[in-house]
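To keep things clear, I will list the structure first and then write my remarks on it.
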Amino acid sequence: MLRQAVIEGDVPASVSAARTALEKGVQPVDLISQGISPAMAEVGRLFEEGEYFVPELLMAARATKEIFVILRPLLAQAGSKPMAHVVLGTVQGDLHDIGKNLVAAMLEGGGFEVTDLGVDVPPERFIAAVKKRPVQIVGLSALLTTTMPAMKTTIEAFRAAGIREQIKIMVGGAPVTSKYAETIGADGYSETAAASVDLARRLLAV
Amino acid sequence: MNDLQWNTLVSVVRGEGFSPLPTAFIIDSPWLPNWAGHTILDYFTDDRIFLDDNLKAIRAFPETIMLPGFWSEYGMCTEPSAFGSVSMWGEDEFPFAKKVLRSPAEVELLEKPNPRKHGLLPFVIKRLQHLQPEIEKAGHKIRFAVARGPLNIASFLMGTPEFLEAIKTHPELMHRLLDVVTDFLVEWIAYQREVFPSIDGIFLLDDIVGFVSRRDCEKFALPYLQRAYAADVTVKFFHNDAPCKASAPLLESAGINLLNFGTQHTVAEMKGWTNNRIALMGNIPPRDVLAEGTPADVACSVTEMLSSLDDRSRLIVSCGGGMPPQAPTENIRALIATVEELTR
Chain V
575 MLRQAVIEGD VPASVSAART ALEKGVQPVD LISQGISPAM AEVGRLFEEG EYFVPELLMA
635 ARATKEIFVI LRPLLAQAGS KPMAHVVLGT VQGDLHDIGK NLVAAMLEGG GFEVTDLGVD
695 VPPERFIAAV KKRPVQIVGL SALLTTTMPA MKTTIEAFRA AGIREQIKIM VGGAPVTSKY
755 AETIGADGYS ETAAASVDLA RRLLAV
Chain Z
61 MNDLQWNTLV SVVRGEGFSP LPTAFIIDSP WLPNWAGHTI LDYFTDDRIF LDDNLKAIRA
121 FPETIMLPGF WSEYGMCTEP SAFGSVSMWG EDEFPFAKKV LRSPAEVELL EKPNPRKHGL
181 LPFVIKRLQH LQPEIEKAGH KIRFAVARGP LNIASFLMGT PEFLEAIKTH PELMHRLLDV
241 VTDFLVEWIA YQREVFPSID GIFLLDDIVG FVSRRDCEKF ALPYLQRAYA ADVTVKFFHN
301 DAPCKASAPL LESAGINLLN FGTQHTVAEM KGWTNNRIAL MGNIPPRDVL AEGTPADVAC
361 SVTEMLSSLD DRSRLIVSCG GGMPPQAPTE NIRALIATVE ELTR
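Residue numbers (our numbering), protein chains in the order written: chain V, 575 to 780; chain Z, 61 to 404.
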């Protein structure tokens, strides 16, 4: 029920199904692992196969986001740990957010805790977020060829701050390629938002 | 664009064979000013730099067609500015149009702008009017009315994720938004044609069309593209370098007869999806090959593309998208030379 509602991007039905499941005693962590995560994996598959497009992906992401509004306090209360903490942002000079938003939703649906720093994020804000509390992955997004170099600048800033080795850095965005990711010293590149979950898992070897 | 280049373009659109095959590039602010040694903001704000940079490119590559030709533009800000969108500028950055609608409901408040008076549009027209004598003295004419497409403008007014979500959650309001935008577009195109009678083409750029399913394309893109392209002109040129598989079969029914597409699909696939009824302009990888490769990489990519094709009709060799930032002169020359060598 919940799985299908998320796949269909039906926000009210997703929230309602989540509430019903919780009322019936389903644990929040099980709701994620058995409902949301497989649903978002299916959404990703449908996108990769060309059956789903960006609006369908956004609606599924919205459904997931709304469910997490309910789940987050329950997870905190239960002391449940997310798979990992990911800090995401569109790099300095770039105001586009569609790719970053999709990645955030896919990762959250995949069981990661996501801190979204927004758009036009300077390196020092990424660094501050990593220093503030434990972070395993930093995700950098750019839509413009002109702002891609800010990814490199950000990675170099992590190095200069002496915390590069503490984190894995993944990059993505329309103009970014795996070759570019390698050149700037990123740990991973994802061509699509849907593939970012697998990439994050691979980076953490989970 | 001079008469010979225009006639070549028209002939390709009509399916006439060429030897060698023509080459063409969309050139605009992401590539041209930096290539010519200026900042993007200087290019936007100085008529002389705008003219000189365009002439420099045209003269550097006389064998190729530069499209749409003397495109007076302010990046993505041109049309959104008429709706009251704040334009954000950096010295050497692409300008960005801030969204004006904070929720789908605000569409009800949106008014159709007047292209003669609102935003940057009078500046677009005046720039071309001021430069028209020199453009024509150089042997060129203004051939295209140019604008961002209806979905692209709508996505700037609302924000792209917000717009794409709203076509699912508030379809009627999004139709209203697209109606207002398209009514404006039709007037904007008509105004350009009125001021420059040499215009015999419409060029719309709309990547957002590539983000939606075929079903949504039929509902939210096709009717508006049909209206935007309804004017009686010879060349109806469309740029969408996002994925095209869902939209490609529909484009002919919008009247489009020339398409610049991305690198997600091969020329052969696109020919199949468009029944070879639309002239195709593409699709050497713009960034990885044309901008960042070597001339040998470019030659290799062109050779590979041409050798994969049995039918080279209705084809203009270009990159899959607009000319990418940092594309060097030697790579552009390599593309042109390889096409000449292989198709002569």
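All C-beta atoms in this analysis are idealised placements derived from N, C-alpha and C, irrespective of residue type, glycine included. What you are looking at is a predicted structure, and each value in this text was computed from that prediction instead of being measured.
In chain Z, which residues lie with their C-beta within 8 Å of the C-beta of residue i?
i: V/Arg636; result: Glu225
i: V/Gly583; result: Lys228
i: V/Phe627; result: Phe271, Val272, Ser273, Asp276, Ala306
i: V/Ile672; result: Thr220, Pro221, Leu224
Do you know whose CA, among the options, lies nearest residue i's CA?
i: V/Ser611; options: V/Glu622, V/Phe642, V/Leu717; result: V/Phe642
i: Z/Ile259; options: Z/Val72, Z/Leu188, Z/Lys279; result: Z/Leu188
i: Z/Ala359; options: Z/Asp370, Z/Pro345, Z/Asp371, Z/Leu369; result: Z/Pro345
i: Z/Glu139; options: Z/Val241, Z/Cys304, Z/Pro388; result: Z/Val241
i: Z/Ser89; options: Z/Val73, Z/His98, Z/Lys296; result: Z/His98
i: Z/Val136; options: Z/Leu211, Z/Ala314, Z/Gly315; result: Going by the sequence as given, residue 136 of chain Z is Met instead of Val. The option with the nearest alpha carbon to Z/Met136 is Z/Leu211.
i: Z/Asn335; options: Z/Leu350, Z/Leu64, Z/Ser307; result: Z/Ser307
i: Z/Ser132; options: Z/Val327, Z/Asp152, Z/Pro164, Z/Ile87; result: Z/Ile87
i: V/Ile701; options: V/Gly663, V/Val745, V/Ser588; result: V/Gly663
i: V/Leu632; options: V/Gly609, V/Leu676, V/Leu778; result: V/Leu676
i: Z/Trp91; options: Z/Tyr284, Z/Ile100, Z/Lys159; result: Z/Ile100
i: Z/Asn67; options: Z/Thr124, Z/Asp106, Z/Ser215; result: Z/Thr124
i: Z/Thr105; options: Z/Val146, Z/Leu180, Z/Val73, Z/Ala84; result: Z/Leu180
i: V/Lys705; options: V/Glu756, V/Tyr626, V/Gly736; result: V/Gly736
i: Z/Pro93; options: Z/Asp112, Z/Leu81, Z/Ser368; result: Z/Asp112
i: V/Asp604; options: V/Pro656, V/Gly583, V/Ser590, V/Tyr626; result: V/Pro656
i: Z/Ile227; options: Z/Leu340, Z/Ala281, Z/Ala207; result: Z/Ala281
i: V/Pro697; options: V/Ile743, V/Val585, V/Ala652, V/Gly684; result: V/Ile743
i: Z/Leu375; options: Z/Asn62, Z/Asp63, Z/Gln65, Z/Ala84; result: Z/Ala84
i: V/Gln601; options: V/Ser654, V/Ala678, V/Val628; result: V/Ser654
i: V/Ser590; options: V/Pro749, V/Thr638, V/Asp671; result: V/Thr638
i: V/Ile644; options: V/Met725, V/Ser588, V/His670, V/Glu622; result: V/Ser588
i: Z/Gly219; options: V/Phe732, V/Asp671, V/Glu597; result: V/Asp671
i: V/Lys726; options: V/Thr689, V/Ala767, V/Val665; result: V/Val665
i: Z/Ala157; options: Z/Thr398, Z/Glu254, Z/Ser215; result: Z/Ser215
Per DSSP, which residues does residue i bridge with? Please list them.
i: V/Gly746; result: V/Ser715
i: Z/Ser378; result: Z/Asn343
i: V/Tyr763; result: V/Val745
i: V/Asp690; result: V/Leu662
i: Z/Met148; result: Z/Phe156
i: Z/Lys406; result: Given that chain Z is displayed from residue 61 to residue 404, the structure contains no residue 406 of chain Z and the question cannot be resolved.
i: Z/Val206; result: Z/Phe263
i: V/Val695; result: V/Val665
i: Z/Lys127; result: In the sequence on display, residue 127 of chain Z carries Leu and not Lys. Bridge partners of Z/Leu127: Z/Ile86.
i: Z/Asn320; result: Z/His299, Z/Met341
i: Z/Tyr134; result: Z/Met136
Can you check whether the C-beta of residue i is within less than 8 Å of a C-beta belonging to chain V?
i: Z/Glu329; result: no
i: Z/Arg208; result: no
i: Z/Pro221; result: yes
i: Z/Arg236; result: no
i: Z/Arg347; result: yes
Under 9 Å Cβ-Cβ, which residues of chain Z neighbour residue i?
i: V/Phe621; result: Neighbours of V/Phe621 on chain Z: none; closest Cβ ~11 Å, over 9 Å.
i: V/Ile737; result: By Cβ distance, chain Z contributes nothing, its closest Cβ being about 29 Å from V/Ile737, past 9 Å.
So with CB distances below 7 Å, who are the chain V contacts of residue i?
i: Z/Phe156; result: Leu669
If the cut is a Cβ gap below 9 Å, which residues of chain V does residue i touch?
i: Z/Glu153; result: Gly667, Leu718, Thr720, Thr721
i: Z/Lys305; result: Gly624
i: Z/Asp239; result: Those within 9 Å of Z/Asp239 in chain V number zero; the least Cβ separation is about 19 Å.
How would you list, in chain order, the residues of chain Z whose beta-carbon sits under 7 Å from the beta-carbon of residue i?
i: V/Leu632; result: Pro221, Leu224, Glu225
What does residue i touch in chain V if you count any residue whose Cβ is under 8 Å from its own?
i: Z/Asp113; result: Near Z/Asp113 there are no residues of chain V at all, since even the closest Cβ is about 17 Å away, more than 8 Å.
So, does the CB of residue i fall closer than 8 Å to a CB anywhere in chain Z?
i: V/Thr751; result: yes
The stretch 74 to 96 of chain Z: which residues have C-beta closer than 8 Å to a C-beta of chain V, in chain order? Pro90
With 8 Å as the C-beta to C-beta threshold (strictly closer), list the residues of the stretch 382 to 397 of chain Z near chain V in chain order. Pro384, Pro385, Gln386
Residues of the stretch 268 to 300 of chain Z with Cβ closer than 7 Å to any Cβ of chain V, in chain order: Phe271, Val272, Ser273, Asp276
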